[in-house]
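The structure under discussion appears below in the form of structure tokens.
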């Protein structure tokens with residue numbers, strides 16, 4: 032795989048992560064966001080899809096320590112765990128019948144719920160900054176590698 036392709040995929044995954052966080056912020060700010068627009072499951076978001084497919088090849092790079100990949104995974108799980116708390120505030124987690132899904136059942140959000148969601152989001156932002164920092168470190172390592180070191184991928 033060529034360095035430019037690897038970097039393009041990495042940057043697209045980072046952008047997808049940043050967009051995911053921004054959609055959560057918009058939800059808390061009162062915008063109507065489709066429930067599926069912010070995946071709760073860490074393997075269903077675009078970043079997670081990249082991380083558990085193409086990114087796994089980066090484990091073979093000599094200058095990308097395994098603890099880097101482990102830390103990215105840990106932070107990514109933590110983000111989704113925090114978001115699950117926000118999700119429960121804004122969306123019903125109980126099984127719904129056909130008609131309630133069809134006509135949409137909006138949860139009533141109290142001021143206290145909004146305040147709690149903002150607190151969760153603040154934690155999400157902190158974790159997101161750490162995740163982006165780890166992604167940036169990985170990106171710098173890839174940029175520093177000679178092209179022939181990428182032949183193993």
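Numbering (the working numbering), first residue to last: 32 to 184. Positions of the beta carbon are idealized from the N, C-alpha and C atoms, including for glycine. Since the structure is predicted, the reported quantities are computational estimates derived from the model, not experimental observations.
Secondary structure of residue i, DSSP reduced to three states
i           : result
residue 119 : helix
residue 75  : coil
residue 42  : helix
residue 54  : helix
residue 108 : helix
residue 154 : helix
residue 33  : coil
residue 114 : helix
residue 88  : helix
Sub-7 Å separation of residue i and residue j beta-carbons
i           : j           : result
residue 113 : residue 144 : no
residue 73  : residue 48  : no
residue 95  : residue 42  : no
residue 116 : residue 100 : no
residue 59  : residue 146 : no
residue 181 : residue 34  : yes
residue 66  : residue 122 : yes
For residue j and residue i, the rounded distance between their alpha carbons
i           : j           : result
residue 106 : residue 139 : 31 Å
residue 175 : residue 82  : 21 Å
residue 36  : residue 159 : 24 Å
residue 108 : residue 84  : 16 Å
residue 88  : residue 63  : 37 Å
residue 161 : residue 98  : 14 Å
residue 32  : residue 86  : 12 Å
From the options, residue whose alpha carbon lies closest to that of residue i
i           : options           : result
residue 68  : 45, 53, 60 and 82 : 53
residue 142 : 46, 61 and 161    : 61
residue 156 : 34, 56, 35 and 32 : 56
residue 199 : 80, 161 and 93    : Residue 199 is absent from the structure shown; the chain starts at 32 and stops at 184.
Neighbourhood of residue i by C-beta, 8 Å cutoff - its chain only, sequence neighbours within 5 removed
i           : result
residue 51  : 69, 70, 76, 77 and 78
residue 163 : 45, 48 and 49
residue 104 : 82
residue 80  : 74
Spatial neighbours of residue i in its chain, beta-carbon cut-off 6 Å, leaving aside the 5 residues before and after
i           : result
residue 102 : 165
residue 120 : 144 and 148
Contacts around residue i, its chain only, beta-carbon distance under 7 Å, and the 5 residues preceding and following it disregarded
i           : result
residue 152 : 55, 56, 59 and 117
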